[in-house]
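The listed protein sequences correspond, in order, to chains A and B. Quick note, the first sequence lines up with residues 1 to 488 if you use our numbering. Quick note, the second sequence lines up with residues 489 to 976 if you use our numbering. Even glycine gets a Cβ: it sits at the ideal position worked out from N, Cα and C. Just so we're clear, the structure is a prediction, and the values are computed from it rather than from any experiment. See below for the structure under consideration.
2 protein chains.
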Amino acid sequence: MLRLWIFLGFIFTVLCVYPVWAKPATSERQRSWIKPQFKEKFFTQLLDHFNYNSWGNGTYSERYLITDEYWRKGYGPVFFYTGNEGDVWDFALNSGFIVELAAKQEALLIFAEHRYYGKSLPFGEESFNIENVGLLTVEQALADYAVMITQLKEELGAQKSPVIVFGGSYGGMLSAYMRIRYPNIVAGALAASAPILSTAGLGDSGQFFRDVTADFENYKTACKDAVKAAFQELQLLAQRKDYTRIQSAFLLCKTPSSDKDVHQLNGFLRNAFTLMAMLDYPYQTSFMSKMPAFPVKVACEVMLNGSDVLSALRDTVGIVYNATGTQTCFDLYSLYVECADPTGCGLGFNSYAWDYQACTEIEMCFESNNVTDMFPPMPFTPSMREEYCAKRWAVLPRPGWLKTQYWGDALSTASNIIFSNGDLDPWANGGVRKSLSESLIAINIADGAHHLDLRGSTENDPAAVTKARQQENLVIAQWVKAAREKML
Amino acid sequence: MLRLWIFLGFIFTVLCVYPVWAKPATSERQRSWIKPQFKEKFFTQLLDHFNYNSWGNGTYSERYLITDEYWRKGYGPVFFYTGNEGDVWDFALNSGFIVELAAKQEALLIFAEHRYYGKSLPFGEESFNIENVGLLTVEQALADYAVMITQLKEELGAQKSPVIVFGGSYGGMLSAYMRIRYPNIVAGALAASAPILSTAGLGDSGQFFRDVTADFENYKTACKDAVKAAFQELQLLAQRKDYTRIQSAFLLCKTPSSDKDVHQLNGFLRNAFTLMAMLDYPYQTSFMSKMPAFPVKVACEVMLNGSDVLSALRDTVGIVYNATGTQTCFDLYSLYVECADPTGCGLGFNSYAWDYQACTEIEMCFESNNVTDMFPPMPFTPSMREEYCAKRWAVLPRPGWLKTQYWGDALSTASNIIFSNGDLDPWANGGVRKSLSESLIAINIADGAHHLDLRGSTENDPAAVTKARQQENLVIAQWVKAAREKML
Chain A
1 MLRLWIFLGF IFTVLCVYPV WAKPATSERQ RSWIKPQFKE KFFTQLLDHF
51 NYNSWGNGTY SERYLITDEY WRKGYGPVFF YTGNEGDVWD FALNSGFIVE
101 LAAKQEALLI FAEHRYYGKS LPFGEESFNI ENVGLLTVEQ ALADYAVMIT
151 QLKEELGAQK SPVIVFGGSY GGMLSAYMRI RYPNIVAGAL AASAPILSTA
201 GLGDSGQFFR DVTADFENYK TACKDAVKAA FQELQLLAQR KDYTRIQSAF
251 LLCKTPSSDK DVHQLNGFLR NAFTLMAMLD YPYQTSFMSK MPAFPVKVAC
301 EVMLNGSDVL SALRDTVGIV YNATGTQTCF DLYSLYVECA DPTGCGLGFN
351 SYAWDYQACT EIEMCFESNN VTDMFPPMPF TPSMREEYCA KRWAVLPRPG
401 WLKTQYWGDA LSTASNIIFS NGDLDPWANG GVRKSLSESL IAINIADGAH
451 HLDLRGSTEN DPAAVTKARQ QENLVIAQWV KAAREKML
Chain B
489 MLRLWIFLGF IFTVLCVYPV WAKPATSERQ RSWIKPQFKE KFFTQLLDHF
539 NYNSWGNGTY SERYLITDEY WRKGYGPVFF YTGNEGDVWD FALNSGFIVE
589 LAAKQEALLI FAEHRYYGKS LPFGEESFNI ENVGLLTVEQ ALADYAVMIT
639 QLKEELGAQK SPVIVFGGSY GGMLSAYMRI RYPNIVAGAL AASAPILSTA
689 GLGDSGQFFR DVTADFENYK TACKDAVKAA FQELQLLAQR KDYTRIQSAF
739 LLCKTPSSDK DVHQLNGFLR NAFTLMAMLD YPYQTSFMSK MPAFPVKVAC
789 EVMLNGSDVL SALRDTVGIV YNATGTQTCF DLYSLYVECA DPTGCGLGFN
839 SYAWDYQACT EIEMCFESNN VTDMFPPMPF TPSMREEYCA KRWAVLPRPG
889 WLKTQYWGDA LSTASNIIFS NGDLDPWANG GVRKSLSESL IAINIADGAH
939 HLDLRGSTEN DPAAVTKARQ QENLVIAQWV KAAREKML
C-alpha cells in the first residue's frame, strides 16, 4: 500500500486537513508538533528534461511548499521533501518530525510535489491521456527536484546551505535516489520506509503479504488463523457460487455474479488488512477515516469476537471501510480499485498516476497464496502485469529498469543515506535492513509502522521511534556539518 | 576541436581506413598495434528511455563492434568504449592502446556507437529534422550504454566480468559520466582528454585558444608573434575592405565581399591551428590528410620562413587544408563550417549532431581575443550562442545543465576514474588535472596531445605516454581485481 496516500489524501484533503489543523483532536493536541507556516508556490519546470525538441521544451508548474520561519538564513541547511504519489500538503502536514528537525537545525524547509500528482499536472486534466502520461517517470521527477533545488538555493541566498532530502515510502525511494544520482546537490538522505529492493524486482513475490500476515499473527496466532479460515470459507462459497450468502455475509450493495466480482471482493478485503498493518500507529490517525490506535490489535479483537468468521471478517474490514459507521452496505468497486499495485492504488484522480508508475518502472508483482500468508491465492505474475498495463495504458512494463537506473542492491559506492524501517511495516523487508557501511545506515524501529519516524513526536510513541529520531537528528547534523566544512 | 573526429572521420572513412589498414605506411608498420577482428552488430534500443508514451516506446538500431578474440570467457573483464561524436569504426581503429590492453588483460572488447552518429541514426536520414533531433542527449546516450552493457553481459555469459569503460575527448566525458551515473554497472573509467569542466561552463572563456597559442609559443615565441602579426595584418586589410588583396594573399576561390566572409576566413584560419595543436603527435597521422609528425613544429617552420606574414599564414594552414597539395584555391565555406562549437564542428553528416549537442548541453563559449592568444578577437558569448541555436535548431541552450547532471567539479563522492590529459592538448586545462582522491587519478602526459594515450604504442612515443599507459594498465587491473573479489 505504497498507494495509501492516494486513498488517504483523497478523504483527508476533502474532509479533514484544515478543520483538523484548526481544531485538533485530543490525540493531536498532545503532540508536540510545531505548526509551520508553509507558503504554497509554483516552479516552472521543463516538461521533458531529456528531449530538446520543440514539444519537449514546453513547461509546467510544479507546486512546492516552503517556510523559512526556522531558517538561519545563509547558514542553516535546506531540508527538502521529495514528494511522492499524492498531494504535497498531505506529506507536509503529516511529517511532523521533519518540521521539528528543521526547527532544531535552523533549516529552510521545502516540500516539493511530484509531477502528475496533486496540482502538479503537466497537462492539466488531460495529463492521464495516453499521449501525455509518458513523462511520468522517476528520472524526470528527480531532474525536477535537482533543478528546483539548484535554482531555489540561488534565488534564496542558500548557496552555502547543505541540502538534506527526506521522503517516506516511494518518497523515501526518491530521496535515496537523489543522493545516489545527485550527490553534487544533496549531502544526505533520510529514506524512510523505502522499499528500494522489492520495487526493483529483488526479493520474493510472497514477502509483502507474508509480512502483512505476520503483523496479525504476532499479535495473536489465533487472529491469523481466523482470517485465513474466513478467506477459506469465502472461497468455498465462491466455488459453490453461493453469491446470495456472500452478499449477505459481507453486506454488499450488489449481489456478486461472477468470479470477477469475487476476485474484487478478495482484493477489497485483503486491502483493509494491508492498510491496518502499514498504519499500525500507536494513536488514532485522523487523516484516515478515524483509524483507531493500534488497528491491528483492534482488528484482531473484532476478528476473534465475531459470531462467525465471515461476519467477523466483514466487521474487521469495516474498521477501514466503515470507520464512520455510516455505510449501510459496501460498494466493492467504488471502495477499492484494482490496479498494477497489488497492495492497492487507492481512489481518486492521483491513483491513475500511481497505477501508471506501477505499470512502467515500479515493479510490484506481489502475490498472496493462502500458504505463507492468510489471504486467498491471488497471483500477480509479470505476464499478468504486462497484460493489464498494455490494456490499461498501452505500455509494457520495463523489468530491471529501476535496478539499472538506481543500482538495486549494488549500493557500495553510495553514501550518506539512512534507510529507516519499522518492524511492523510490510514494506520494510523490501528495503535495506542492514547497514552497508558507515554512512549507509539502516535503522530498524521495533513497534514502528510505515514511516512512523517521519511523523511528529507524541507521548504515545514507542521508545524505539524516539531513539530512531534522535539518531537521525545526530547523523543529519553530522552530514550538514561535514558538507559545510567542505564548502569552506 | 572536440569535433575533430567528424572532420577526420569524414576524410578518413571515405579515403583511408581500409587501404591504410591493408597497406600501412612506414610509421604505421612500426607500431605494435594488435589488429582486432571486430564484428559489426546492431542492438535494439529504446528511442526515449525517459518517456513511456507510444512514440517514446519506439526503438532504433544502435551499432556496436565486438571482438572476443582476447577474452578469457566468463572471467576476463569487459572493456567498453563509450562512443562519441563520430563513426564508431574511427574510434575502434584509432584506440590501439585499448586493444593492447584487452589482449593483456584478456578482455571482451566492445566499441559502441553514440546515438545520432555513424550508422546509429534513430530516424534514418530524417534524424536531424527539428522534431526528431531532440532525443540526442547525453542522458539518453548513457542509458543506451547501460542497457546495452547489461543485456550483452547476460547474452554472452559475462555476468561475472567487471566492466571498464574507455573514451577519449567527449567519449572520455561519457566514460567518466558512466562511472558517476552507473557505478552498479561500471567498475572504473579511463577518461582520456575529457574536458568535463570547461564543457560544463566552468573555467574561463579564454582558456582554450590561449592554450592553443601556448603550443606554438612554447615551440618558439617568434612563431606565436608571427601568427599574431599575420592576423593583425589581415584585420587591417579587412578594415580597409581590401578584399582583392585578401583573396590573393590567401588563395581564396571567391573574393570576400563582407565582414561575414572575413569572419569566416578568420574561423577557417584559426581552426587549422586548433587542429595542429590538438593533433601534435610525434608521428604522421594517416587518418588526417597526411598530417605530418609534430605538426606544430612544422607549422612554425613554415610560418617563420614565409616571404611575408600573410603568405606564411596561408601556407601554414595549408598543412591542414592542402595536405594533398592538390588544392588550387581555398573554398572557405566548404572547408570550414562555423557552428556552436568555436573549436570547429568539422564537416559531413555527423557534424549536425555535434552542433546540436553544442547548442543544448555541451557548453563551449570559447573565445579568442588577440591579447591572451594569437588569434583575432572572436567573441562567442552565451547570448550569441543562444541566438545561433534558436535560429539553427529552434532550441535554447541549457546553461548549467551538465554541471547539475554530472556534478561539475563536485566530484568528491565519485571513484575509480582516471583523468588523463596531454600537456600539449588545448582541451587539457578544461579537464581534471590534479588527482582528487586515491581513486580519482589525474595523469598528466608531458609532450602528449589529444588522448595520445589511447592510441596504439609506437617507437616514437614520448616516454611520458608510455609511462602513462603502464600506470593505466596497473590501475585498471586493480579495479578489475577488486570488482571481481566483490562479486565472490
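Q: Using only alpha-carbon positions, find the residue among A:Thr372, A:Leu424, A:Trp479, A:Ala483 that is nearest to alanine 464 of chain A.
A: A:Leu424
Q. Hey, which unbroken runs of the alpha helix (DSSP H) at 4 residues or more fall wholly within the segment 361-423 of chain A?
A. 382-393, 401-406
**Q.** DSSP bridge partner residues for threonine 570 of chain B (one or two, in chain order)
**A.** B:Ala600
**Q.** Supposed close pair histidine 114 of chain A, glycine 83 of chain A - CB separation, criterion 8 Å
**A.** 4 Å
Q. Under a three-way DSSP split, which group does tyrosine 548 of chain B fall into?
A. strand
Q | Cβ contact check for the segment 759-769 of chain B and the segment 806-820 of chain B: 3 or more pairs under 8 Å | A | yes
Q | Member of A:Glu62, A:Ser415, A:Gly167, A:Ala442 whose CA lies at the smallest distance from the CA of phenylalanine 123 of chain A | A | A:Glu62
Q | Test: threonine 67 of chain A CB closer than 9 Å to a CB of chain B | A | no
Q: Can you pull the chain E residues whose beta carbon is under 7 Å from the beta carbon of proline 399 of chain A, in chain order?
A: Here chain E cannot be found, since the structure's protein chains are A and B.
Q: Identify every residue that forms a DSSP beta bridge with isoleucine 933 of chain B.
A: B:Gly910
Q | Whole-number beta carbon distance between alanine 841 of chain B and tyrosine 604 of chain B, since they are thought to touch under 8 Å | A | 4 Å
Q. So which residues of chain B does glutamate 139 of chain A contact, with C-beta pairs closer than 7 Å?
A. Phe538
Q) glycine 755 of chain B and tyrosine 844 of chain B: beta carbons closer than 9 Å? A) no
Q. At which residues does the alpha helix (DSSP H) containing threonine 244 of chain A begin and terminate?
A. 243-250
Q: Kindly indicate if chain A contains any beta-carbon less than 9 Å away from that of alanine 898 of chain B.
A: yes
**Q.** Beta-carbon contacts of glycine 306 of chain A that lie in its chain and below 7 Å, excluding the five residues immediately before and after
**A.** Ala312, Asp315
Q) So, is threonine 326 of chain A buried or exposed, given that buried needs 16 or more other C-beta atoms within 10 angstroms? A) exposed
Q) Ends of the alpha helix (DSSP H) at lysine 592 of chain B? A) 584-593
Q | Beta carbon proximity, alanine 631 of chain B to chain A, threshold 9 Å | A | yes
Q. Where do the ends of the beta strand (DSSP E) carrying glycine 168 of chain A lie?
A. 163-168
(Q) Which residues in chain A have a C-beta closer than 9 Å to the C-beta of valine 968 of chain B? List them in chain order. (A) Those do not exist, as valine 968 of chain B stays about 16 Å from chain A at its closest Cβ, beyond 9 Å.
**Q.** Contiguous alpha helix (DSSP H) assignments of at least 4 residues, all confined to the segment 288-357 of chain A
**A.** 295-304, 309-321, 332-335
Q. Between the beta-carbon of leucine 108 of chain A and the beta-carbon of lysine 73 of chain A, is there less than 9 Å?
A. yes
Q) Under 9 Å, do proline 282 of chain A and aspartate 447 of chain A count as touching if we go by C-beta distance? A) yes
Q | Distance between tryptophan 915 of chain B and glutamine 959 of chain B (C-alpha atoms, nearest Å) | A | 21 Å
Q | Where threonine 360 of chain A meets chain B, residues with beta-carbon distance less than 7 Å | A | Tyr540
(Q) Checking the sheet assignment: what are the DSSP bridge partners for glutamine 752 of chain B? (A) Answer by DSSP bridge pairing: none, since glutamine 752 of chain B is not bridged.
Q. Given 8 Å as the limit, is there contact between the segment 858-867 of chain B and the segment 716-723 of chain B, that is, 3 or more CB pairs closer than that?
A. yes
Q. What does tryptophan 895 of chain B reach in chain A if we use C-beta pairs closer than 9 Å?
A. Tyr182, Pro183, Asn184, Ile185
Q: Taking only beta-carbon positions, decide if valine 489 of chain A is within less than 9 Å of chain B.
A: Residue 489 of chain A falls outside the range modelled here, since chain A spans only 1 to 488, and no answer is possible.
Q. Does any residue of chain A bring its CB to less than 9 Å from the CB of isoleucine 964 of chain B?
A. no
(Q) Measuring only the C-alpha atoms, how far is isoleucine 905 of chain B from alanine 677 of chain B? (A) 5 Å
Q. Would you call the segment 583-594 of chain B and the segment 609-625 of chain B touching, i.e. three or more CB-CB distances under 8 Å?
A. no
Q: Using the Cα positions of methionine 776 of chain B and glycine 656 of chain B, report the straight-line distance between them to the nearest angstrom.
A: Confidence is the limiting factor: at methionine 776 of chain B the pLDDT is only 47, short of 50, which leaves the residue's position unreliable, though a coordinate-based value still follows. Spanning the two alpha carbons is a distance of roughly 17 Å.
Q) Using Cβ-Cβ distances below 8 Å, what residues of the segment 597-615 of chain B are close to chain A? A) none
Q) Taking Cβ positions only, does tyrosine 552 of chain B come closer than 9 Å to chain A? A) no
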